[in-house]
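Q: Below is one structure. I have some questions about it.
Numbering (our numbering), first residue to last: 2 to 101.
Pasting the structure below:
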């Protein structure tokens with residue numbers, strides 16, 4: 002039986018391709034997970050005003066709320082003074098994603 006030797010460069014390319022494919026899969030799953038949280042029929046949505054009131058009660062200074070791909074996207078200043086862009090499930094007001 003003859004041993005086949007692969008050049009190191011070929012192994013490096015293979016490893017990079019494998020890593021890129023794995024990373025893409027993880028990113029896709031994370032995006033799908035956030036989409037699932039905001040996959041709510043419009044008939045079940047609470048109002049933007051109700052979300053604004055809830056956030057104000059929590060000490061947030063809401064600057065803007067808009068719909069974005071089935072979620073409420075909120076630009077605000079949190080009670081601790083940090084600016085935040087957050088996405089909320091429109092039925093439960095659960096935070097789906099938060100960026101400082």
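Built from N, CA and C at the ideal position, the CB exists for glycine as well.
Residue 43 by DSSP, collapsed to three states: which one?
A: Helix at residue 43.
Q: Based on the DSSP secondary-structure assignment, which residues constitute the bridge partners of residue 63?
A: For residue 63, which the question treats as bridged, DSSP gives the partners 77.
Q: Tell me which residue opens and which closes the alpha helix (DSSP H) that residue 1 is part of.
A: The chain is shown from 2 up to 101; residue 1 falls before or after that span and cannot be answered.
Q: Answer with buried or exposed for residue 91, where buried requires no fewer than 16 other C-beta atoms within 10 angstroms of its C-beta.
A: Buried is the call here.
Q: In chain order, what residues of the same chain lie with their CB nearer than 8 angstroms to the CB of residue 55, ignoring the 5 residues before and after it?
A: Excluding sequence neighbours, residue 55 sits near 94.
Q: Is it buried or exposed, residue 82, if we count other Cβ atoms within 10 angstroms and call 16 or more buried?
A: Its Cβ having fewer than 16 others within 10 Å, residue 82 is exposed.
Q: Provide the residue(s) that pair with residue 98 in DSSP beta bridges, ordered along the chain.
A: Partner(s): 88.
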